[in-house]
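Protein chains: 2
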Amino acid sequence: MITIGRLADYAGVTVKAIRHYHKRGLLPEPGRDSSGYRRYTAEDAVDLVKIRTLAQAGVPLARVKDLLDADPDALTAAIEEIDRDLRDRIAQLQHVRDQLVQLRGGDGLFVSPEVAGYLDDLRRLGVSERQIHLERDGWILMQTASPEDAALWIAEKRELMTDPDFRALYLEHDAAYDWPPSDPRLPALADRTRDWFARHRSRSETRPVRNPDIARLAVQTQPGASSPAWDRLTRLMEG
Amino acid sequence: MITIGRLADYAGVTVKAIRHYHKRGLLPEPGRDSSGYRRYTAEDAVDLVKIRTLAQAGVPLARVKDLLDADPDALTAAIEEIDRDLRDRIAQLQHVRDQLVQLRGGDGLFVSPEVAGYLDDLRRLGVSERQIHLERDGWILMQTASPEDAALWIAEKRELMTDPDFRALYLEHDAAYDWPPSDPRLPALADRTRDWFARHRSRSETRPVRNPDIARLAVQTQPGASSPAWDRLTRLMEG
DNA sequence: TCTTGACCTTGCCCCAGGGTCAAGGTTCGA
DNA sequence: TCGAACCTTGACCCTGGGGCAAGGTCAAGA
Chain A
695 MITIGRLADY AGVTVKAIRH YHKRGLLPEP GRDSSGYRRY TAEDAVDLVK IRTLAQAGVP
755 LARVKDLLDA DPDALTAAIE EIDRDLRDRI AQLQHVRDQL VQLRGGDGLF VSPEVAGYLD
815 DLRRLGVSER QIHLERDGWI LMQTASPEDA ALWIAEKREL MTDPDFRALY LEHDAAYDWP
875 PSDPRLPALA DRTRDWFARH RSRSETRPVR NPDIARLAVQ TQPGASSPAW DRLTRLMEG
Chain B
695 MITIGRLADY AGVTVKAIRH YHKRGLLPEP GRDSSGYRRY TAEDAVDLVK IRTLAQAGVP
755 LARVKDLLDA DPDALTAAIE EIDRDLRDRI AQLQHVRDQL VQLRGGDGLF VSPEVAGYLD
815 DLRRLGVSER QIHLERDGWI LMQTASPEDA ALWIAEKREL MTDPDFRALY LEHDAAYDWP
875 PSDPRLPALA DRTRDWFARH RSRSETRPVR NPDIARLAVQ TQPGASSPAW DRLTRLMEG
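Here the protein sequences come in this chain order: A and B. Under our numbering, the first residue of the first sequence is numbered 695, with each subsequent residue one higher. Under our numbering, the first residue of the second sequence is numbered 695, with each subsequent residue one higher.
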């Protein structure tokens, strides 16, 4: 006749868990002694070990209850299923872990290594933190919407960045963000940008875009995604 | 400006989860449209992906909240810790799985393969199911209290069972359970049992018992663990 | 005998959402 | 323009216990 605490120690379970099993009807409430304490027998201990074994494997308590007095065949089948489930859960955790290991610190936590490398390239180039932030958020969305497309796009963009003309244009666009919309440099920048795109249109426009929604969303609704000068640039290039 | 359902799809999260993040203050409540629907921007999507990434790794939401605007160093440290935790959880699940794989069906679920084999031996020997049940429950308790002792004991007991004299005694004790306490065969059985133990005392009594409590518990309080005939036997052997 | 610390009791709130509900909104095809 | 299908809203209950509160109990020592 042992108390709940001792029973818990024997079975390697908390007192709280035992009381919970009583509430759920998994373990019968034992008799009480004169002071109201629960008093357990060895039979309870045996039942408890069974419950613990199944519960530790992640079997829902409702199912444990059924399994406790199931016939051996059903039990064997159930165990196989439980094991399969366990295997899946391990694989999933391993996957999460791989992600975590691969993506270390800083930007790397939320974007792929390629994008992180690209952002670092921009930083070395002297691009503003505002712009880098904008790029990063854009890529997070791209990767979420379509990792494959994002992988293709980032590769292409990094290749583009090896072109000194493109780099110069990029930096100038970055700087233009804060210019007044009447700045005389804007029309010339618009012209050069148009020229560059005309020369490179063939490459960048031919691939089908699979998730245009998310791309539009990224561009349109980001706060700080535009400025008066940029708006004027857009009009100049369109007009 | 997208709805909650679309945002959920983008981020690979349920609508329910997003509302939960709002309640927990992880994700700011966005503006509502004229019909009261929440309307999200790309910024929300970015935040949500961050939250999801951390939450999937099992980080408590309270901690995610802090991590979201932590400095890079603290974040790197946190990630390392999260990864360690993940590793532990995988190891623990793997352990449970090993147990489950090893202990297939039937009695095997709750006792070691050795004990299961021993119980099968008893069954082949023609021991009553009542007695086998008694033995099984006893072993479950032993294994719970002290797996090492249990392993030693079961090995010894199986060896004992190779002795035809012991087997005969065991079977007769099993049969004696239902005898009337006045049965004339009882004194003779008690004598033979005492003799046998006298001859084998050297081996079975020399090892220290590490968890006598649980053993006594097992023997004393199991319902059906004794009968009038067995009680008489005990008295005969003691006297 | 009184106290101290460990143990027990019930009860309530918490996590991280999932399931389900009723009520109303939106969108699309007929 | 109507109805059907689908969406969104908040509210409430469920999991498997952990943590905490407030009180009763027990065994041992001063």
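Cβ atoms here follow ideal geometry from the backbone N, Cα and C, with glycine treated the same way. Please read all numbers here as calculations on a predicted model, not as lab measurements.
DSSP beta-bridge partners for residue i?
| i | result |
| --- | --- |
| residue 734 of chain B | B:696 |
| residue 726 of chain B | B:732 |
Alpha carbon to alpha carbon, what distance is there between residue j and residue i?
| i | j | result |
| --- | --- | --- |
| residue 746 of chain A | residue 763 of chain A | 15 Å |
| residue 892 of chain B | residue 700 of chain A | 35 Å |
| residue 715 of chain A | residue 727 of chain B | 47 Å |
| residue 703 of chain B | residue 711 of chain B | 12 Å |
| residue 787 of chain B | residue 736 of chain A | 28 Å |
| residue 903 of chain B | residue 705 of chain A | Only weak support is given to the placement of residue 903 of chain B: the predicted model assigns it a pLDDT of 44, under 50, and the question is left unresolved by the model. |
| residue 768 of chain A | residue 785 of chain B | 28 Å |
| residue 876 of chain B | residue 811 of chain B | 35 Å |
| residue 754 of chain B | residue 721 of chain B | 15 Å |
| residue 868 of chain B | residue 890 of chain B | 16 Å |
| residue 708 of chain B | residue 750 of chain B | 13 Å |
| residue 931 of chain A | residue 823 of chain A | 25 Å |
| residue 809 of chain A | residue 821 of chain A | 15 Å |
| residue 850 of chain A | residue 794 of chain A | 26 Å |
| residue 920 of chain A | residue 861 of chain A | 20 Å |
| residue 772 of chain B | residue 724 of chain B | 29 Å |
| residue 748 of chain B | residue 781 of chain A | 22 Å |
| residue 729 of chain B | residue 842 of chain A | 36 Å |
| residue 761 of chain A | residue 789 of chain B | 21 Å |
| residue 878 of chain A | residue 828 of chain A | 26 Å |
| residue 765 of chain A | residue 856 of chain B | 31 Å |
| residue 774 of chain B | residue 713 of chain A | 36 Å |
| residue 770 of chain A | residue 770 of chain B | 45 Å |
Figure out for me which residue from the options has the closest Cα to the Cα of residue i.
| i | options | result |
| --- | --- | --- |
| residue 819 of chain A | A:784, A:845, A:858 | A:858 |
| residue 864 of chain A | A:847, A:879, A:848, A:883 | A:883 |
| residue 929 of chain A | A:894, A:880, A:890, A:889 | A:880 |
| residue 696 of chain A | A:717, A:789, A:731, A:707 | A:731 |
| residue 689 of chain A | A:867, A:805, A:862 | Any question about residue 689 of chain A goes unanswered here, given that chain A covers just 695 to 933. |
| residue 741 of chain A | B:855, B:843, B:832 | B:832 |
| residue 834 of chain A | B:809, B:748, B:861, B:739 | B:739 |
| residue 837 of chain A | B:743, B:932, B:853 | B:743 |
| residue 733 of chain B | B:783, B:848, B:698, B:770 | B:698 |
| residue 676 of chain A | A:844, A:894, A:756 | No information on residue 676 of chain A is available, as it lies outside the stretch 695 to 933 that chain A covers here. |
| residue 894 of chain B | B:847, B:789, B:774, B:854 | B:854 |
Sorted by chain position, which residues of the same chain lie with C-beta nearer than 8 Å to residue i's C-beta, five sequence neighbours on each side aside?
| i | result |
| --- | --- |
| residue 874 of chain A | 922, 923 |
| residue 791 of chain B | none |
| residue 686 of chain B | No statement about residue 686 of chain B is possible, as the shown extent of chain B runs from 695 to 933 and does not include it. |
| residue 779 of chain B | 752 |
| residue 852 of chain A | 808, 811, 812, 815 |
| residue 826 of chain A | 813, 816, 817 |
| residue 783 of chain B | 752 |
| residue 872 of chain A | 921, 923 |
| residue 925 of chain A | 875 |
Would you kindly report the start and end of the unbroken alpha helix (DSSP H) that includes residue i?
| i | result |
| --- | --- |
| residue 871 of chain B | Looking at the DSSP string, residue 871 of chain B is not in any alpha helix (DSSP H), and its letter there is neither H nor E. |
| residue 843 of chain B | 841-854 |
| residue 928 of chain A | 922-932 |
| residue 720 of chain A | Segment: none, residue 720 of chain A is in no alpha helix (DSSP H) and carries neither H nor E. |
| residue 811 of chain A | 807-819 |
| residue 758 of chain A | 755-762 |
Is it the case that the CB of residue i approaches a heavy atom of the ligand ATP more closely than 7 Å?
| i | result |
| --- | --- |
| residue 827 of chain B | As far as ligands go, the structure on display features none, and thus does not contain the ligand ATP. |
For residue i, collect the residues of the same chain with a Cβ closer than 6 Å to its Cβ; drop the 5 residues on either side in sequence, then sort them by chain order.
| i | result |
| --- | --- |
| residue 759 of chain A | 720 |
| residue 845 of chain B | none |
Residues in its own chain within less than 7 Å of residue i by CB, not counting five upstream and five downstream?
| i | result |
| --- | --- |
| residue 776 of chain A | 751, 753 |
| residue 847 of chain A | 836 |
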